[in-house]
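S.K.:
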Amino acid sequence: MSAPRGGRGGMGLMGRIYRLKTHVIPFKDHRNSSALMVFEGKESCSLPYLFSIAIYFTHPGASPESVSPKELLEALQRNTILNSRRIRLELFFLPSAPGTEQENCIEHYRAEKLARGDYTRQIQALQTSEGAQRNEAEGLPGFVPTYIDDRSCEFYHGLLYICRDEDWRQGGQRMDYVLFDPISQEQYAELVEGLDEPETLAPSYTTQKTIQMGQNEDPHEVPDLVGASIALVANLKTENETNPAWYEAESRGWSSW
Numbered sequence: 180m181s182a183p184r185g186g187r188g189g190m191g192l193m194g195r196i197y198r199l200k201t202h203v204i205p206f207k208d209h210r211n212s213s214a215l216m217v218f219e220g221k222e223s224c225s226l227p228y229l230f231s232i233a234i235y236f237t238h239p240g241a242s243p244e245s246v247s248p249k250e251l252l253e254a255l256q257r258n259t260i261l262n263s264r265r266i267r268l269e270l271f272f273l274p275s276a277p278g279t280e281q282e283n284c285i286e287h288y289r290a291e292k293l294a295r296g297d298y299t300r301q302i303q304a305l306q307t308s309e310g311a312q313r314n315e316a317e318g319l320p321g322f323v324p325t326y327i328d329d330r331s332c333e334f335y336h337g338l339l340y341i342c343r344d345e346d347w348r349q350g351g352q353r354m355d356y357v358l359f360d361p362i363s364q365e366q367y368a369e370l371v372e373g374l375d376e377p378e379t380l381a382p383s384y385t386t387q388k389t390i391q392m393g394q395n396e397d398p399h400e401v402p403d404l405v406g407a408s409i410a411l412v413a414n415l416k417t418e419n420e421t422n423p424a425w426y427e428a429e430s431r432g433w434s435s436w
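Residue 180 is where the sequence shown starts when you use the working numbering, and the numbers rise one by one after that.
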């Protein structure tokens, strides 16, 4: 059996072939500002995945109308295994003066997470529901409780990305990778005792990652890609926590959380 013509195909758990679609869902954040969810999944199912990554656009000229979310997701997937991860991107637009971007984005992220909670609420609701089909809008899915997987070497609960350019396709095609909300200094001191690590854990950690490879770049020298970093951080939690819940909800015919 081949994939249906006219669209991309994917393979389900039972070997069935289905059509893929990049879903883009507009929504309002806690400030009533426009934002977007984007994820690739079954054409027939618009239920968002539970594992999320927040990307902030801080240039005043960036907007939901100009960002081209489908093209962005494709760019992040290219040359990575990100398309194998069932994740959703949340795109926020937060115009910020130079030098204030990181502080503003972290503040917004915390407030949005406070307003919506984390995805454990959706998982608990699924476990306690009676299995009825759920098509009405129930609200936005929550955020990731913590991005820490290996507590022996990962020190920050929060993660977000920042694009400072008006058009992510232009310029250096880079995003800031920002870790924040660290574990306690006491926990950190115990973990790094005897190791060649800083004595004090900084409130945040920032580095830069590349959106996509340039046409003239050596394919054997892959840069530090945004998509690769998302695929890595999503690996364990999607497999162990969010994917089973999503499959169960999808099998019940849910289209919202």
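For every residue, glycine included, the Cβ atom is placed at its ideal position computed from N, Cα and C.
It should be emphasised that the depicted structure is a prediction, and the values quoted were computed from it without experimental measurement.
Take the Cβ of Gly351 as the centre, count every other Cβ of all protein chains shown within 10 Å, and call the residue buried at 16 or more, exposed below.
M.R.: In the sequence shown, the residue the question calls residue 351 occupies position 172. Exposed, because fewer than 16 other Cβ atoms sit within 10 Å of the Cβ of Gly351.
S.K.: Thinking Leu270 and Leu215 are a contact (beta carbons under 8 Å), I'd like their distance in whole angstroms, please.
M.R.: The sequence position of residue 270 within the sequence shown is 91, counting from 1. The sequence position of residue 215 within the sequence shown is 36, counting from 1. That belief holds up - the Cβ atoms of Leu270 and Leu215 are roughly 4 Å apart, short of 8 Å.
S.K.: On a CA-only basis, which of Gly373, Tyr367 and Glu291 is nearest Pro382? Give me that one, please.
M.R.: Residue mapping note: residue 382 aligns to position 203 of the sequence shown, counting from 1. Taking only the C-alpha atoms, the option nearest Pro382 is Tyr367.
S.K.: Any chance the segment 236-244 sits against the segment 270-287, with 3 or more Cβ pairs inside 8 Å?
M.R.: yes
S.K.: Pull the bridge partners of Lys388 from the DSSP assignment, please.
M.R.: For the purposes of this step, residue 388 is taken as residue 209 along the sequence shown, with counting starting at 1. Its beta-bridge partners are Met354.
S.K.: Pick helix, strand or coil for Val203, following the three-state DSSP scheme.
M.R.: Along the sequence shown, read from residue 1 onward, the residue named residue 203 stands at position 24. Three-state result, Val203: strand.
S.K.: Quick one: what's got a C-beta closer than 8 Å to Ile327's C-beta in the same chain, skipping five residues either side?
M.R.: As a working mapping, residue 327 is identified with position 148 in the sequence shown. Here the set comprises Glu333, Phe334, Tyr335, His336 and Ile362.
S.K.: Rounded to whole angstroms, what is the Cα-Cα separation between Tyr228 and Leu374?
M.R.: On the sequence shown, residue 228 is found 49 positions in, with the first residue counted as 1. On the sequence shown, residue 374 is found 195 positions in, with the first residue counted as 1. Approximately 38 Å between the Cα atoms of the pair.
S.K.: If you drop the 5 nearest sequence neighbours on each side, which residues of the same chain put their C-beta closer than 6 Å to that of Glu291?
M.R.: Taking the sequence shown and counting its residues from 1, the one referred to as residue 291 is at position 112. Cβ within range, chain order: Asp208 and His209.
S.K.: Select from Gly278, Arg264, Phe359 and Lys249 the residue whose C-alpha is nearest the C-alpha of Glu418.
M.R.: To locate residue 418, count along the sequence shown from 1; it is residue 239. Ranking the options by Cα distance to Glu418, first place goes to Arg264.
S.K.: On the three-state DSSP scale, how would you describe Arg267?
M.R.: One-based indexing of the sequence shown puts residue 267 at position 88. Arg267 sits in a strand when the DSSP states are folded into three classes.
S.K.: Just to confirm the assignment, what range does the alpha helix (DSSP H) spanning Tyr340 have?
M.R.: Counting from 1 along the sequence shown, the entry for residue 340 is found at position 161. No alpha helix (DSSP H) holds Tyr340; the beta strand (DSSP E) holding it covers Tyr335 to Cys342.
S.K.: What residues match up with Ile232 in a beta bridge as DSSP calls it?
M.R.: Within the sequence shown, numbered from 1, the residue matching residue 232 stands at position 53. Looking at the DSSP assignment, Ile232 forms a beta bridge with Leu268.
S.K.: Spatial neighbours of His287 within its chain, please: CB distance less than 7 Å, with the 5 preceding and 5 following residues excluded, ordered by chain position.
M.R.: On the sequence shown, position 108 is the one that residue 287 refers to. Here the set comprises Phe271 and Leu273.
S.K.: If we call anything under 8 Å between Cβ atoms a contact, is Gln306 one with Trp436?
M.R.: Within the sequence shown, the letter at position 127 stands for residue 306. Within the sequence shown, the letter at position 257 stands for residue 436. Against a cut-off of 8 Å, the Cβ pair of Trp436 and Gln306 comes out as no contact.
S.K.: Assuming Ser434 and Leu255 make a contact with CB atoms under 8 Å, what is their CB distance in whole Å?
M.R.: Here residue 434 corresponds to residue number 255 of the sequence shown, with the count starting at 1. Here residue 255 corresponds to residue number 76 of the sequence shown, with the count starting at 1. With a Cβ gap of about 25 Å, Ser434 and Leu255 do not count as contacting.
S.K.: How close, in whole Å, do the beta carbons of Phe359 and Ile285 come, if the pair is a contact with beta carbons under 8 Å?
M.R.: Start at 1 with the first residue of the sequence shown, and residue 359 comes out as number 180. Start at 1 with the first residue of the sequence shown, and residue 285 comes out as number 106. Phe359 to Ile285, Cβ: 5 Å. Contact.
S.K.: In this structure, does DSSP put Leu432 in helix, strand or coil?
M.R.: In the sequence shown, the residue the question calls residue 432 occupies position 253. The sequence as given places Gly at residue 432; Leu does not occur at that position. Gly432: coil per DSSP, three-state reduction.
S.K.: Which residues does DSSP list as the beta-bridge partners of Glu219?
M.R.: Along the sequence shown, read from residue 1 onward, the residue named residue 219 stands at position 40. According to DSSP, Glu219 bridges with Thr201.
S.K.: Exposed or buried, Thr421, counting other C-beta atoms within 10 Å across all chains shown (16 or more means buried)?
M.R.: Against the sequence shown, residue 421 aligns to sequence position 242. Sixteen is the threshold: when 16 or more other Cβ atoms of the shown chains lie within 10 Å of the Cβ of Thr421, as they do, the residue is buried.
S.K.: Which residue wins for smallest C-alpha separation from Gln303, given the options Gly321, Ala294 and Leu293?
M.R.: By 1-based counting over the sequence shown, the position of residue 303 is 124. It is Gly321.
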